[in-house]
Amino acid sequence: MKMFSFILKLMKKLLLLQYQQQQLPQQEAERSKRNGL
69 MKMFSFILKL MKKLLLLQYQ QQQLPQQEAE RSKRNGL
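The sequence shown begins at 69 in my numbering and counts up one residue at a time.
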């Protein structure tokens, strides 16, 4: 059971990292838009 919960935590961390990496380009685009205006 310990191993299973450990893997679950790892998966959550990886998913969060992927999500954050996907969000970054969008945030950068928004920022450059505001700076352009």
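Ideal Cβ placement from N, Cα and C applies to all residues, glycine included.
If the five residues before and after residue 70 are omitted, its C-beta is found closer than 8 Å to no C-beta atom of its own chain.
Annotated three-state conformation of residue 69 is coil, per DSSP. In this structure, the CA atom of residue 86 is about 28 Å from the CA atom of residue 104.
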